[in-house]
Amino acid sequence: MTSAQLRSWGVGRAVTSRRIARGDWQQPWRGVVVLHSGTITWRERARGALQYCGDGAALSHSSAAFVHGIVATPGSRIVVSIPARRTVSEQPGLDVRRRRQMPHAGGRLRAIGVDVTVLDLVHELDSEDDVVGLVCAAVRAGVLPGRLLVHSGQRRFLRHRGLVRALLGDEGSGVESPLEHRYVRDVERPHRLPVAHAQVRERVGGRWIRADRVHVGLGVRIELDGQLAHPSGRTDLDTWRDNAVLIERSEITLRYRWQHVVAQPCATAAQVAAALRSRGWTGSPRRCSPTCLVLA
2 MTSAQLRSWG
12 VGRAVTSRRI
22 ARGDWQQPWR
32 GVVVLHSGTI
42 TWRERARGAL
52 QYCGDGAALS
62 HSSAAFVHGI
72 VATPGSRIVV
82 SIPARRTVSE
92 QPGLDVRRRR
102 QMPHAGGRLR
112 AIGVDVTVLD
122 LVHELDSEDD
132 VVGLVCAAVR
142 AGVLPGRLLV
152 HSGQRRFLRH
162 RGLVRALLGD
172 EGSGVESPLE
182 HRYVRDVERP
192 HRLPVAHAQV
202 RERVGGRWIR
212 ADRVHVGLGV
222 RIELDGQLAH
232 PSGRTDLDTW
242 RDNAVLIERS
252 EITLRYRWQH
262 VVAQPCATAA
272 QVAAALRSRG
282 WTGSPRRCSP
292 TCLVLA
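Okay, so the sequence shown: first residue is 2 according to the numbering used here, each after it adds one.
The structure is reproduced here in structure tokens:
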């Protein structure tokens with residue numbers, strides 16, 4: 002709570018200073034007091050930061066994303082947005098952002114809404130893959146793609162706007178990871194490969210499995226082992242699943258990692274096309290450039 006609140010309850014400055022000096026109480030921010038001597042939790046620090054920043058303040062960016070469950074860790078600094086008309090002095094561990102228009106904020110630990118928060122973070126990212134990973138994580142956490150699209154169109158400035166809108170436009174394709182997005186964008190579409198069914202869930206060998214992309218009717222499956230999902234690469238379960246699919250359905254599984262999709266998209270497309278042709282596909286892939294390795 003604030004020192005002013007303590008004074009309103011009859012606890013004077015001298016008493017507060019003495020309790021802090023003895024270690025009974027703690028002062029995470031100037032003018033804010035935590036009334037215990039134990040470890041200050043992140044939520045206590047965040048609530049204290051809001052009290053320090055005053056009227057209209059709300060957690061934003063990485064701090065709001067942590068509150069909304071979009072990111073797993075809150076970062077080393079508490080990020081708070083305030084109306085531009087106000088000024089708040091800097092403090093160690095506190096990142097204050099002034100905004101001309103304060104977005105909607107609420108909650109027991111007051112935070113800017115999740116849709117705006119996702120786009121705030123997108124605007125500060127440099128890597129396209131990081132942008133895709135963040136947006137995918139947000140959608141998996143329950144953020145509605147349509148709302149993100151609306152908010153992205155309302156912002157005057159937004160880095161990666163085209164990527165965000167293209168990614169959210171892929172909602173119906175079932176893209177669920179950065180690597181899968183890159184596969185669709187750089188391998189499947191530019192080489193005019195047949196559009197695969199995404200995130201197919203079915204029962205094989207007595208177990209429920211889910212495949213990243215399945216060319217239904219051609220007996221070819223694509224599994225994308227990105228670091229986000231499979232940090233150790235192929236797993237025992239992957240091997241069991243591939244064997245079960247081959248035995249029960251006579252379907253082959255092609256597995257690709259970041260190196261194949263990002264650094265060698267044309268070679269990957271050529272291999273997928275060869276597999277599809279071996280299973281009866283009569284279409285023709287397209288070369289994406291004069292140097293493309295795909296043979297039409």
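C-beta: ideal position from N, C-alpha, C; glycine also.
Query: List the whole-angstrom C-beta distance separating residue 160 from residue 123, where the pair is believed to meet the contact cut-off of C-beta under 8 Å.; Result: 7 Å
Query: Using a threshold of 8 Å, state whether the C-beta atoms of residue 269 and residue 201 are closer than that.; Result: no
Query: I need the straight-line Cα distance from residue 145 to residue 282, nearest angstrom please.; Result: 36 Å
Query: Beta carbon of residue 221, beta carbon of residue 255: below 8 Å?; Result: yes
Query: Near residue 216, what residues of its chain come up, given a Cβ to Cβ distance below 7 Å and the 5 sequence neighbours on each side ignored?; Result: 195, 197 and 277
Query: Roughly how many angstroms separate the alpha carbons of residue 96 and residue 164, rounded to a whole number?; Result: 28 Å
Query: Does the Cβ of residue 105 have 16 or more other Cβ atoms within 10 Å, making it buried, or fewer, making it exposed?; Result: exposed
Query: Indicate the three-state DSSP secondary structure (helix, strand or coil) for residue 298 in the structure shown.; Result: Any property of residue 298 remains undetermined from this structure, which presents the chain solely from 2 to 297.
Query: Does the pairing of the stretch 52-63 with the stretch 110-123 give three or more beta-carbon distances under 8 Å?; Result: yes
Query: In the DSSP assignment, what are the bridge partners of residue 30?; Result: 33
Query: Tell me the residue span of the beta strand (DSSP E) that contains residue 81.; Result: 79-84
Query: For residue 137, is the classification buried or exposed, using 16 other Cβ atoms within 10 angstroms of its Cβ as the cut-off for buried?; Result: buried
Query: My assumption, with CB atoms under 8 Å, is that residue 262 sits in contact with residue 190. Please give the rounded CB distance.; Result: Actually they do not touch by this definition, with Cβ atoms about 13 Å apart.
Query: Give me, in chain order, the residues of the same chain whose beta-carbon lies closer than 8 Å to that of residue 48; leave out the 5 immediate sequence neighbours on both sides.; Result: 110
Query: Within 10 angstroms of the Cβ of residue 54, are there 16 or more other Cβ atoms? Answer buried if so, exposed if not.; Result: buried
Query: Quick check on DSSP: helix, strand or coil for residue 41?; Result: coil
Query: Locate the alpha helix (DSSP H) running through residue 141, then write down its first and last residues.; Result: 129-141
Query: Quick check on DSSP: helix, strand or coil for residue 18?; Result: helix
Query: Grab me the residues of residue 67's own chain with a C-beta within less than 6 Å of its C-beta, minus the 5 sequence neighbours each way, in chain order.; Result: 75
Query: Tell me the rounded alpha-carbon separation between residue 126 and residue 135.; Result: 10 Å
Query: Here's the rule: buried if 16 or more other CB atoms are within 10 angstroms of the residue's CB, otherwise exposed. What is residue 46?; Result: buried
Query: Do residue 225 and residue 169 have their CB atoms nearer than 8 Å?; Result: no
Query: Could you have a look at residue 199 and say whether DSSP puts it in helix, strand or coil?; Result: strand
Query: When the Cα atoms are used, what is the spatial distance from residue 24 to residue 30?; Result: 15 Å
Query: To the nearest angstrom, report how far apart residue 87 and residue 152 are at their CA atoms.; Result: 25 Å
Query: Take the Cβ of residue 286 as the centre, count every other Cβ of all protein chains shown within 10 Å, and call the residue buried at 16 or more, exposed below.; Result: buried
Query: Note down the Cα distance separating residue 291 from residue 192, rounded to an integer number of angstroms.; Result: 12 Å
Query: I need the straight-line Cα distance from residue 107 to residue 38, nearest angstrom please.; Result: 29 Å
Query: So, using beta-carbon positions, are residue 223 and residue 211 closer together than 8 Å?; Result: no
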